[in-house]
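Residue numbers (the numbering used here), protein chains in the order written: chain P, 6 to 483; chain W, 47 to 495. For glycine and all other residues, C-beta sits at the position ideal for the given N, C-alpha and C. Take a look at the structure below.
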Amino acid sequence: MPDLTDRALDTAVQRGATFADVRQTRRAEESIAIKSGRVEGVAFGESEGFGVRVLVDGAWGFASSNRLTVAEADRVAAEAVRIARASATALRHRVQLDERPPARGTYRTPVLEDPFDLSVERKVGDLLAADEAMRRVPGIGFTEVRYDAQREWKTYAASDGSLVEQEITHVGAVIEANAVNGDDMQRRSYPDSAQAAGWEWVRGLDLAGNGERVASEAMALLAAPQCPPMRTTVILHPSQLYMQIHESCGHPCELDRVFGTEASYAGTSFLTPDGLGTFRYGSELIDIVADATAPGGLGTFGWDDEGVAAQRVPLIEAGRHVGYLTSRETAPRIGRQSGGAMRADGWNRIPLIRMTNINLLPRPGMSFDDIVADTDDGLLLATNRSWSIDDRRLNFQFATEMGWQVKGGKIGQLYKNPTYTGITYEFWGSCDAVADERSYTLFGTPNCGKGEPGQNGHVGHGASGARFRDVQVGVGKW
Amino acid sequence: MSGRDPDGLELAERVLRHAEALGATQAEVLVGETESRLTRFANSEIHQNVAESNTMVNLRFVDGRRVGCASTNRTDDGALRRLADSAARIARLMPEADEAVHLPGPAPIAYVHGAASAATADATPEFRAAAAREVIAAADAAGVQAYGSFTTDLEHVALANSLGVRAQEARTWSQLLTVAMGSAGEAGYAEAAAVDCTSIDAGAVGREAAEKARSARQPVSVPPGDYPVVLEPYAVVDLLDMLGYLGISGLAVQEGRSFFEPGKVVGSPLVTIVDDAADVAGAPVSFDYEGVPKRRVPLIEAGVCREAVYDAQTAARAGRESTGHGLPAPNPYGPFPLNMVMHAGDASRDELIGGLDRGLLVTRFHYTNPVHPKLVIVTGMTRDGTFLVEHGRVVGPVRNLRFTQSYLDALAGVQAVGRERRLLRGFLGASLVPALRIGAFTFTGATEH
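Set out below in structure tokens:
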């Protein structure tokens with residue numbers, strides 16, 4: 006609706022904005038939830054509106070509305086300007102944006118089987134089959150199957166002449182079996198991930214084919230001994246390593262956090278600009294990139310939500326911290342141009358620096374199985390169950406669903422409730438093996454929280470698995 | 047009160063008519079009209095400042111034992127007809143459920159006083175900026191920087207169902223929070239929340255955080271281990287949130303994933319927690335998101351589990367009445383206690399701290415997450431002011447610690463309860479909580495600040 010976006014921009018500029026942009030977004034969502042054979046909920050939702058962001062006197066203002074009329078465009082743009090003027094009464098540094106050519110073009114997620122065209126009946130049928138497969142395992146307590154699809158149509162226009170249109174489609178799914186015995190409860194899930202794709206990705210997961218395995222593993226966990234406390238070698242399966250990357254590399258590389266703008270909510274970062282290029286983040290095996298061009302990633306797009314083209318930005322190179330996730334406002338403060346990481350959770354939220362696809366690059370040499378076979382004594386940990394990290398992203402603790410003892414290169418005893426903890430740069434510094442591309446998997450995290458008011462981010466993480474030495478495992482009293 | 051005209055009930059009834067025309071055996075329409083405003087500051091300046099106007103219409107369409115849900119924020123008649131079509135189509139493609147669908151019938155609603163404030167509904171960006179400047183001035187005076195946010199929200203909630211339920215209410219919420227931080231990273235936290243934003247003393251919030259940050263300079267390390275603790279209300283609210291999230295729900299009980307059993311002793315005799323949406327010291331509301339009147343529910347009395355909370359479906363399954371704790375449909379997570387109130391004790395803050403021979407004073411928790419849901423074992427970090435207490439006196443700041451602790455064991459270890467309480471935002475709702483002294487809390491790691 007160019008009338009609306011043009012009108013909002015014109016009004017903002019006429020009222021004093023030195024820069025303005027407007028995003029008009031329509032989002033369609035479908036969710037299916039199944040619990041223990043019962044279809045608990047099927048829902049379709051749509052939300053549409055526009056948000057106007059303005060710079061006035063060097064300060065930001067933002068207003069948004071679901072009413073798509075020219076009169077409302079005037080009102081909302083004027084409100085954004087008034088808000089910016091209020092911001093300017095408590096301003097110590099005028100906002101400066103980096104220069105970039107006006108953005109122009111279109112982008113669309115490649116989709117083979119449109120999840121919104123496929124009948125609900127067919128999707129529910131496939132998901133019920135997965136649930137039934139889990140419930141065939143004797144003794145299982147309760148099961149869950151969840152599926153979500155989201156499509157956004159976004160128009161971005163700015164007072165510098167930018168005009169971008171994008172259609173982004175994401176799908177996600179998980180099956181989960183829970184085994185219960187008295188006070189104990191063990192969960193096993195698969196794959197609890199999401200992709201920029203269509204139903205073909207969900208079909209390829211073979212949820213029904215994995216149902217019995219998942220439920221059997223939950224029952225095995227119930228009978229397994231508690232993971233003992235010790236310092237040992239840890240091998241992280243990609244299904245856990247992706248979350249380690251998310252919390253201990255993705256978030257601390259957000260340059261807005263580094264500059265304190267998330268300090269009152271999610272915290273700050275230990276990766277300060279004085280160490281850029283020199284700080285030893287991890288071992289020489291660690292190469293991590295923010296890649297908004299990775300096919301299938303939840304952090305893949307054509308342009309970010311301030312019109313910066315998708316790109317691949319090195320964050321960690323041979324273990325050294327070399328880059329950040331940046332915006333047009335933050336990048337100039339470290340002498341760089343925006344890396345295109347500004348994303349908003351819908352029309353009614355401002356863009357924030359968000360992860361794109363934060364990927365630990367695989368290393369040629371050892372497969373994941375080779376790493377296990379090369380390990381004399383340690384633990385293999387798979388599938389994230391819980392996560393926590395301090396407000397500068399240093400002290401972390403994760404729990405996984407599964408833990409196996411590794412002895413003499415062989416997988417042995419299963420443990421329940423495995424946990425591990427450490428300090429981020431020490432942990433990554435202890436990495437002595439990263440698996441090759443054969444086990445490389447791009448995971449999707451569709452529930453990354455940030456900002457006030459809260460925003461839910463869809464981000465991606467590529468990982469192949471890795472080994473870490475001298476790690477504390479088995480935390481807490483059990 | 048500003049914002050849009052409160053025509054949500056008329057909108058809900060229009061959708062209901064569309065659903066009934068499509069053959070719904072039952073239907074429920076929830077309309078939420080919101081005006082949300084938030085001013086955010088960091089490094090002692092306003093850096094984000096936002097406003098949102100929205101209307102969400104949520105339809106639950108029942109066809110026998112089949113249910114379809116759809117939502118939209120378009121309110122023209124064409125969009126509302128498409129909404130009904132979508133929900134009906136979904137319902138008719140569903141397999142028949144084993145159990146009947148239970149929407150609640152009408153019941154008299156005793157509307158509470160104090161659910162909304164005109165001052166909050168009408169709060170301007172200039173009003174919020176002035177509050178931010180007061181917080182910043184307090185930080186300036188203490189030689190630290192201010193970070194935080196000030197929220198002023200208005201929501202008109204309206205609900206209609208085909209069994210005759212009609213409910214509508216305006217609700218407002220305001221919250222000012224701040225972290226004050228010094229040049230070496232020393233930090234302090236303060237927060238105030240209220241239905242009426244003019245009752246929040248921004249200067250006092252700023253001074254509390256700034257003073258705490260000043261007293262947190264040059265922290266020392268203490269080794270992880272078991273310590274008796276005093277938890278400030280900002281930390282206690284996390285205990286209540288996790289108990290609500292993991293266990294005090296009829297669905298969690300029915301699925302066998304909850305610690306909660308009526309009659310089971312889980313806390314010290316000093317621990318009493320109710321869910322009371324009529325408490326004017328909290329954030330009062332009159333009905334839940336199914337239009338059921340809110341009932342005061344004793345959750346834990348003198349350490350003993352009493353009642354979980356129920357929505358219409360879980361209540362029918364349990365052969366009882368809903369307690370008025372339903373969330374918007376579809377809701378696979380079950381009912382939730384949104385208005386938890388922990389009874390106050392008789393100890394002043396100084397008396398709570400005075401009872402520690404050697405322990406820790408914890409301002410707040412950060413990034414907590416369950417490690418074992420049924421045992422309510424939770425891990426997280428301390429943040430924004432952690433102090434060593436010896437012989438009943440605060441002797442100085444310590445670096446932040448990681449805990450891995452059963453919150454049930456923490457409740458059982460409560461030795462004293464503060465007599466002052468604070469209204470704080472929780473995970474989903476708002477809780478009224480005191481400070482607590484707990485005999486032992488297990489810290490399992492440390493960090494560098």
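The beta carbon of A223(P) sits closer than 7 Å to the beta carbons of I145, A182, N183, A184, Q191, R192 and R193 from its chain, once the five residues preceding and following it are set aside; these are given in chain order. Spanning the alpha carbons of N422(P) and Q451(W) requires a straight line of approximately 14 Å. A check of alpha carbon separations from T85(W) across Q221(W), T118(W) and E142(W) identifies Q221(W) as the nearest. Any Cβ of chain P closer than 8 Å to the Cβ of E278(W) would place that residue at the interface, and such an atom is absent.
Taking a cut-off of 8 Å on C-beta distances, the stretch 319 to 329 of chain P does not touch the stretch 370 to 390 of chain P, as fewer than three cross pairs fall below it. Runs of the beta strand (DSSP E) spanning 3 or more residues and lying entirely within the stretch 100 to 157 of chain P occur at 109 to 113, in chain order.
Here the alpha carbon of E172(W) sits roughly 43 Å from the alpha carbon of A73(W). Inter-residue distance for G130(P) and E34(P) is about 19 Å (C-alpha atoms, whole angstroms).
Rounded to the nearest whole angstrom, the C-alpha separation of V320(W) and L345(W) is 5 Å. When the Cα atoms are used, G400(W) and N89(W) turn out to be separated by approximately 35 Å. The straight-line gap separating the alpha-carbon atoms of Y453(W) and W308(P) is approximately 45 Å. With the rule of 3 Cβ pairs closer than 8 Å, the stretch 397 to 417 of chain W counts as touching the stretch 425 to 445 of chain W. Within a 10 Å sphere around the beta-carbon of K159(P) sit 16 or more other beta-carbons, which makes this residue buried. One finds S269 in chain P with Cβ atoms closer than 8 Å to the Cβ of L223(W), taken in chain order.
The criterion of a C-beta distance shorter than 8 Å is satisfied by A213(W) and G337(W). The beta carbon of A256(W) is closer than 8 Å to those of A184, A185, A187, A188, V190, A192, A226 and G234 in its chain, skipping five residues each way along the sequence. Closer than 8 Å to the CB of G426(W) there is at least one CB belonging to chain P. DSSP, read as helix, strand or coil, puts D199(W) in strand. For the stretch 62 to 95 of chain W, the full-length beta strand (DSSP E) segments reaching 3 residues or more read 72 to 88 along the chain. G365(W) and R303(W) have their C-alpha atoms some 20 Å from each other.
Going by DSSP, A89(P) is part of the alpha helix (DSSP H) stretching over V75 to S92. Contact annotation: in the stretch 473 to 494 of chain W, residues whose CB is within less than 8 Å of a CB in chain P are T488, T490, G491, A492, T493 and E494.
The distance from the Cβ of L434(W) to that of V441(W) is about 5 Å, consistent with a contact at the 8 Å cut-off. Within the stretch 382 to 397 of chain W, no residue has its Cβ closer than 7 Å to any Cβ of chain P. The stretch 334 to 346 of chain P and the stretch 302 to 321 of chain P touch, with no fewer than 3 CB-CB distances between them shorter than 8 Å. Taking every protein chain shown into account, the CB of D292(P) has 16 or more other CB atoms within 10 angstroms, so this residue is buried. When secondary structure is reduced to three states using DSSP, L149(W) falls in the coil class, being assigned neither helix nor strand. E56(W) carries a helical assignment under DSSP once its states are collapsed to helix, strand and coil. Contact between L365(P) and V439(P) holds: their C-beta atoms lie close to 7 Å from each other, under 8 Å.
C351(W) sits in a strand when the DSSP states are folded into three classes.
A buried status is given to T118(W), since no fewer than 16 other beta-carbon atoms sit within 10 Å of its beta-carbon. Interface residue (Cβ-Cβ distance to chain P less than 8 Å): M288(W) is not classified as such. Each of P196(P), R43(P), L290(P) and K415(P) was checked against the Cα of G216(P), and the nearest Cα belongs to P196(P). For P451(P), the secondary structure class from DSSP, reduced to helix, strand or coil, is strand. According to DSSP, residue pairing for L398(W) in a beta bridge does not occur.
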